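All remarks here apply to the structure that follows.
Chains as they are written, first to last, in our numbering: chain A, 1 to 344; chain B, 345 to 604.
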């Protein structure tokens, strides 16, 4: 049943409430009746409200005094404890000092100053008609004087030069983006055949026999320090090495890429490139700390949870004649997150 | 003898024979097996015997008689004294209930009993030993080197200052501030539960001491005030959004409300 039915249907409504009585527009009911506050009628309450405001100002004064006392009485020494103590009491004093003033001001305005409702009508925004006409006349006079409608070439020149000016900002901006558009940098790392795996951060080479089951090694390429931009190279080349019981390996990402259960995976998440380094020894899961992507090391580092879409690329490894772990080659695919030209 | 011969066609006979054969093998192995005391020549025989008794009473239910492991708990042969000292010394073992991971709780044994248990488990097979006091002395380590190693190997789970962090399915890396230097060393060496092992070739004993030196300087008083658990954006965000924003909304409501 709609409200329209409600008004036209029943005929037994009391006199004066029939449908014919509804006005076309409701009148503005105006402000509600002003009700005086307790403090307006009872002087005792008014006095109490005043005391509350006084107390809040007093709180502020105490805060200021406390700040000054703390400043002189609690100097900072060389140990962290004194710095902590000084900061704590200075902060509390300052907070009380400012908060007291603010609270007192609001309480004063709310409970003591008069609270009669007032209506302030808006002034019209438009200027007077003669002012508006004068302005338009000025503009048309100026346009006529400049001769912009007669002198077509000048008109094109002014429009053209204004349109061309933004190029001075846009060209350098766009040019700088394009200046380093070298996608091949993202596709290759410094790993190459025979390059030793070394420990991050010490740079010690890693003997395959030292990589015991259950241990995890954070690896950088040998000679990273000697490259032109070690941090840029490290950001692409970091690798995590684990050794699994061969019985635990369900599938391999690249056949022949591991050495006696020792597997090396890129540490750069394929989602947005955080270092994937939380290794759970018992579940053999690798977690990314940023968005909880989880990779199963026993199953070719496939994604088992989270927003990453591709497995972590595997670094093919073997050992050299002295028993140290070395790379067989670079990664077989670009490491890290996707980019437009990734597979081109 | 005749009665036995008469029942040799009984259909239970193969089972009995199998049981007897297994028993014989076990006895022969026990006689021929190399002396177990060789594995831990330093531990006194009395300690090993006392530890064996404690083990049978408190651990064998899950870890099996002889600590060979069962379907619910791993074998302890070869885990070494360090693992026992860590697991029992931090109260993680014996577990009171199964769950995502064994959690630290009040220690149930005296240090002597823990040493006896450790001696017994160490006697089962060679494994990592309990470090000496000098090996874990934070004052002898270099906290700066320790920080570099901690950042690479530990911080992703245990947080940059060792405040701890969460893993998957209810597991977590605990806070390290209250852990004793010996237990820190043993945890790195043995890799309890989800934690990987960091053997002496991966993080050398000196580097382990550097890490301990770094951790010993964390978790103290913060110069700036509340550290909110040093958990970074999680606790700071919670504080800002719930407490900070709550106070601001409360103030706005109070300012807007009419005085009665």
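Just so it is clear, CB atoms sit at the ideal spot from N, CA and C, and this is done for glycine as well.
Note that the structure is predicted; figures quoted are calculated from it, not measured.
- Taking all protein chains shown into account, residue 71 of chain A has fewer than 16 neighbouring C-beta atoms within 10 Å of its C-beta and is therefore exposed.
- The Cβ-Cβ distance between residue 469 of chain B and residue 448 of chain B does not fall below 8 Å.
- A straight-line Cα-Cα distance of about 10 Å links residue 529 of chain B and residue 542 of chain B.
- For residue 599 of chain B, at least one C-beta of chain A is nearer than 8 Å to its own C-beta.
- Per DSSP, the beta bridge partners of residue 295 of chain A are A:286, A:303.
- In the DSSP annotation of this structure, the continuous segment of the alpha helix (DSSP H) that includes residue 129 of chain A starts and ends at 129-146.
- Taking a cut-off of 8 Å for Cβ pairs, the segment 425-439 of chain B and the segment 472-486 of chain B touch, as three or more such pairs fall below it.
- A contact between stretches requires three or more CB pairs, one per stretch, nearer than 8 Å, and the segment 304-324 of chain A meets this requirement with the segment 257-273 of chain A.
- Pairing residue 525 of chain B with residue 493 of chain B gives a Cβ-Cβ distance that is not under 8 Å.
- In the DSSP assignment, residue 98 of chain A falls within the unbroken alpha helix (DSSP H) covering 80-111.
- The C-beta of residue 500 of chain B comes closer than 8 Å to at least one C-beta of chain A.
- Counting along the chain, no alpha helix (DSSP H) covers residue 241 of chain A; the unbroken beta strand (DSSP E) around it starts and ends at 239-243.
- Around the C-beta of residue 191 of chain A, 16 or more other C-beta atoms lie within 10 Å, and the residue is accordingly described as buried.
- Contact between residue 438 of chain B and residue 403 of chain B holds: CB atoms are separated by about 6 Å, below the 8 Å threshold.
- In the structure shown, residue 196 of chain A adopts extended strand secondary structure according to DSSP, grouped into three states.
- It is roughly 44 Å from the alpha-carbon of residue 121 of chain A to the alpha-carbon of residue 582 of chain B.
- Near chain A, meaning a CB-to-CB distance below 7 Å, the residues of the segment 533-549 of chain B are 535, 537, 538, 539, 540, 541, 542, 543, 545, 546.
- Within chain A, 84, 87 have C-beta atoms less than 8 Å from the C-beta of residue 568 of chain B, given in sequence order.
- CA-to-CA, the gap between residue 455 of chain B and residue 561 of chain B works out to about 26 Å.
- Residue state for residue 249 of chain A is assigned as coil, using DSSP reduced to three classes.
- Burial state of residue 206 of chain A is buried, judged by a 10 Å Cβ sphere holding 16 or more other Cβ atoms.
- Cβ contact annotation for residue 76 of chain A (same chain, cutoff 8 Å, sequence separation greater than five): 82, 83, 86, in chain order.
- Of all residues in the segment 211-232 of chain A, only 212, 214, 215, 216, 217, 218 place a beta-carbon less than 7 Å from a beta-carbon of chain B.
- The continuous beta strand (DSSP E) containing residue 325 of chain A extends over residues 325-327.
- Residue 452 of chain B sits exposed, since fewer than 16 C-beta atoms from the chains shown fall within 10 Å of its C-beta.
- DSSP, read as helix, strand or coil, puts residue 527 of chain B in helix.
- The Cβ-Cβ distance between residue 251 of chain A and residue 323 of chain A does not fall below 8 Å.
- Annotation note: the segment 507-580 of chain B contains the following uninterrupted alpha helix (DSSP H) runs of length 4 or greater, listed N- to C-terminal: 525-534, 549-560.
- Using a 10 angstroms sphere on the CB of residue 153 of chain A, the tally of other CB atoms stays under 16, which defines it as exposed.
- DSSP places residue 229 of chain A in the coil class of the three-state scheme, outside both helix and strand.
- Taking a Cβ-Cβ cut-off of 9 Å, the neighbours of residue 564 of chain B in chain A comprise 80, 81, given in sequence order.
- By the rule that beta-carbons nearer than 8 Å mark a contact, residue 70 of chain A does not touch chain B.
- Taking 8 Å as the cut-off, the Cβ atoms of residue 540 of chain B and residue 214 of chain A count as close.
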